[in-house]
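Right, one structure below, let's go through it.
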Amino acid sequence: MSSTLSALEGEQLPEPAEPDEGAAQKVAGKSPMRLAAERFRKDKLSMVSMVIVVIYLLMAILAPFMVKFGVIDPYTLNQDLLDANTLPKGDFGGISADHPLGIVPGTGWDLMSRLWYGITFSLAISLLATIVAMTLGVVLGIVAGFSRGWVDMLIGRAIDLTLSFPQTLMLLALSSLAVAFLTDYLHVPEGNIAQGLYVVLVLGLFGWPSIARIIRGQVLSIREREFVDAAQLLGASKLRIYFKELLPNLWAPVLVTFTLTMPAYISAEAALSYLGVSIKPPTPTLGNILRDSLLYAESDFVYFFAPAFLICIIVVSFNLLGDGLRDALDPKSSR
Amino acid sequence: MLGYVIRRCFIGLVMVIVMSLVTFLLFFASPVDPARYACGKSCDENTREMARKSLGYDQPVMVQWGQFMKGLVVGREYPVDPELRATMNEDQITECAAPCLGYSVYNNKTVNESISEAFPVSASLAVAAIIMWLLGGILLGVLAAVTRGSPLDRGIVALALVAYAFPSFFIGTFLIRYVSLKWGLFPFPEYTPIAEGGVGEWALNLFLPGLTLALLFMAGYIRMTRAFVLESMSEDYVRTARAKGLAGRRVLFKHSLRASLTPLVTMAGLDFAAVLGGAVITETVFNYNGLGKLAVTANATFDLPVLIGLVLLLGSIVIIANIIVDILYAFIDPRVRVG
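In order, the protein sequence lines correspond to chains A and B. The letter at position 236 of the first sequence is residue 236 when you use my numbering, and the numbering goes up by one with no holes. The letter at position 7 of the second sequence is residue 1007 when you use my numbering, and the numbering goes up by one with no holes.
In structure tokens form, the structure reads like this:
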């Protein structure tokens, strides 16, 4: 009783923020970002997948330099290491100190070098395709979600239409036409550059609808917030609202979608390689190495399994990383 | 309700028309001359001109599209060019009855014939796959949900993800070369129609290719089933069922799972429509002469009529499947009709 009274009678009331700085920070100082990072760090599986993804990315970036400085050599034909049936001499596909994963039957390429360099091309293609799809999907998703009305309806119909096309068939059927279009009309150099560009463009063009749907949904939920109204009242242009007001608030779904689109496109590149529409040897991708290894499925199982395992590991890791990010960024999502 | 059905069907029809237009523009915007491929290897200017006229490639794209759409409704005759047709005998003219999807010089038959030969193979494969991925997905998904957090749960989810992450042409080749040929666990899969070998033979031969295709979808269905079942377990009606003393298994299958089945079956319907024409890789690996293989062959020989016919047919199937699902939903949930 007395203490309360004394407090009321003008003795110093403790200011809410000032007195003990450390304690106050512990209570109030966590941004949503830091909370998400903490949640993510606690998730061991996601951390492991992130480490694997980073290792792959580092390997992909390093590979061109390793080739340049002669550490790995994906193009030398070691014909002397092949026997009369063009199979590698020695066990397990000719594994030796010089060739840790053996050599490729038929050509005598060093398998490890090809796989390593193949990671670079596979990741580069899927990364570029993801960027194309994400750019289209995010822009159209924001426009559709913010505009509503006939713009929204038009984009919605375009989404439905694109999703109705039989995808694998279109990717296959358009290949010779589109590659001819690229080389003849746009003067893209023939061969692997045109093939690679085709894969990037066509994956992007058929991949944006699902991304646009996700982004549109997110925009619908933030478009009624005060900062959007404020920007509109201040006379901000539509472009400014799209990219300066809405986009920064969408980074979480964009990041998650990006991480989940990458593995889909790594698989897609492999599938297209199998159908012969992606980059072709001698330039290695994980997909075309695996495709060429099918002939030796029994006779050289290291050659057959190694590229498949590399694809599997990166696809699984990216998927787990994406799931982990989603759980960390959106605590309400339940798996 | 009737209004909704009509509106939905109308939108679907418009989408099919727009899709056919887009397909035509895409396939004819390229610098490749389709007539060059249509007339084969020994081809001089004269025969190429013949081929161009007989397939209608001499006309502008929009006119060709118009002829194609007309052919869909009333059928058409090949050669397309009326003057050329007038110079020909009865037996040189090919009738293509409505709905005509085109004529392939390369196969020397209408696209409809090629497709109806390949369709049963693809349909069988799709049926085998959907049975496997639904059964496997739902059973394993329920198992994972029931044992939530245990090593079994994590193992099921992880295994499904790994199976999904391997490229399907790797899995298919592995199944053929190791499981079938090397270990002899299954006979070498060769498509046998039911009429020839009976249902048993048909199913046995479809097991490996069906599995290859099913593994692509299984992971998704396991995760969905698991999530749905876990979600419904905290619902009031499940708690009520438990509270009144129903056996755990009965609660699970009669109450929990049942509520989760609707969205799963919807998804399955749409995926089935997609798989019908999307099994390009599986059919190539197993050398099954289905629609996917037809597309691969047509692409290799640049058989444009077959490619266009396939794209339109399979696209329309997807659109129709979507309409059916929407209408069924509207039937179940009246709120959909207004929106």
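For glycine and all other residues, C-beta sits at the position ideal for the given N, C-alpha and C.
Can you tell me the Cα-Cα spacing of Ala24 of chain A and Leu1257 of chain B, whole angstroms?
Since pLDDT at Ala24 of chain A reaches only 48, below the 50 mark, its modelled position is unreliable, and no value is offered.
Are there 16 or more other CB atoms within 10 angstroms of the CB of Arg326 of chain A, so buried, or fewer, so exposed?
buried
For Asp1271 of chain B versus Phe1217 of chain B, is the C-beta spacing smaller than 8 Å?
yes
Just curious, the alpha helix (DSSP H) that Tyr1347 of chain B is in, first and last residue?
Nothing in the structure corresponds to residue 1347 of chain B, since chain B is present only between 1001 and 1339.
Lys1293 of chain B at chain A interface by Cβ criterion, 8 Å:
no
Examine chain B for any beta-carbon lying closer than 8 Å to the beta-carbon of Asn288 of chain A, and answer yes or no.
no
From A:Tyr75, A:Leu161, A:Ala236 and A:Leu186, pick the residue whose C-alpha is nearest to that of Ile1011 of chain B; which is it?
A:Leu161
DSSP-derived helix/strand/coil call for Lys1070 of chain B
helix
Going by the CB atoms, is the gap between Leu172 of chain A and Val1296 of chain B shorter than 8 Å?
yes
Short check: CB of Ile1359 of chain B to CB of Leu1140 of chain B, under 8 Å?
With chain B running from 1001 to 1339 in the structure shown, residue 1359 of chain B is simply not present.
For Arg1177 of chain B, would you say it is in contact with chain A, using Cβ-to-Cβ distances shorter than 8 Å as the test?
yes
Label Asn288 of chain A either buried or exposed according to how many other C-beta atoms from any shown protein chain fall within 10 Å of its C-beta, with 16 as the threshold for buried.
buried
Does the beta-carbon distance from Met112 of chain A to Ile72 of chain A come in below 8 Å?
yes
Within chain B, partners of Met170 of chain A - CB distance below 8 Å
Val1311
Quick one, which of B:Ile1017, B:Val1306, B:Ile1332 and B:Gly1290 has its alpha-carbon nearest Arg337 of chain A's?
Outside the modelled stretch of chain A, which goes from 1 to 335, sits residue 337 of chain A, for which no answer is possible.
Mind checking whether Phe318 of chain A and Thr259 of chain A have CB atoms under 8 Å apart?
yes
With 8 Å as the threshold, decide whether the Cβ of Leu1161 of chain B is near any Cβ in chain A.
yes
Can you name, in chain order, every residue of its own chain whose Cβ lies under 6 Å from the Cβ of Leu1101 of chain B, other than the five neighbours on each side?
Val1111, Asn1112 and Gly1309
Measure the C-alpha to C-alpha separation of Leu8 of chain A and Phe227 of chain A and round it to an integer number of angstroms.
Confidence at Leu8 of chain A is low in this model, with a pLDDT of 43, below 50, so its placement is unreliable and the value that follows should be read with caution. Those two C-alpha atoms are separated by around 40 Å.
Taking C-beta pairs closer than 9 Å, name the residues in chain B that Gln167 of chain A reaches, listed in chain order.
Ala1274 and Gly1278
Any beta carbon from chain B within less than 8 Å of Ser46 of chain A's own beta carbon?
no
Per DSSP, what kind of secondary structure is Arg240 of chain A in: helix, strand or coil?
helix
Ala271 of chain A: contacting residues in chain B (beta-carbon distance under 9 Å):
Pro1167, Ser1168, Phe1169, Val1280 and Ile1281
Under 8 Å from the C-beta of Asn319 of chain A: neighbouring residues of chain D:
Considering every chain present, this structure includes no chain D. Its protein chains are A and B.
Between the region 113 to 137 of chain A and chain B, which residues of the former have CB atoms less than 9 Å from a CB of the latter, in chain order?
none
Exposed unless 16 or more other CB atoms sit within 10 angstroms - verdict on Thr86 of chain A:
exposed
Please classify Val943 of chain B as buried or exposed, where buried requires at least 16 neighbouring CB atoms within 10 angstroms.
Residue numbering for chain B in the displayed model covers 1001 to 1339; residue 943 of chain B lies beyond these limits and cannot be assessed.
Any C-beta of chain A sitting closer than 8 Å to the C-beta of Gly1136 of chain B?
no
Interface residues of chain A around Leu1213 of chain B at Cβ under 7 Å?
Here the premise fails: no neighbours, minimum Cβ distance about 12 Å.
In whole angstroms, what separates the C-alpha of Ser1020 of chain B from that of Met1069 of chain B?
8 Å
Span separating the alpha-carbon of Leu123 of chain A from that of Gly1075 of chain B:
48 Å
Can you tell me whether Glu1090 of chain B is helix, strand or coil according to DSSP?
helix
Out of curiosity, what's the CA-to-CA distance linking Glu21 of chain A and Lys30 of chain A?
Low per-residue confidence applies at Glu21 of chain A: pLDDT is 49, beneath 50, and the placement is therefore not dependable, though the value from the model is reported in the following sentence. Distance between the alpha carbons of Glu21 of chain A and Lys30 of chain A: 14 Å.
With a floor of 4 residues, list each alpha helix (DSSP H) that falls wholly inside the region 89 to 169 of chain A, ordered by position along the chain.
91 to 94, 111 to 147 and 149 to 164
Length of the line joining the Cα atoms of Ala129 of chain A and Phe304 of chain A:
26 Å
Quick one: which unbroken alpha helix (DSSP H) runs of 4-plus residues sit fully inside the region 1204 to 1286 of chain B? Chain order, please.
1236 to 1243, 1257 to 1278 and 1280 to 1286
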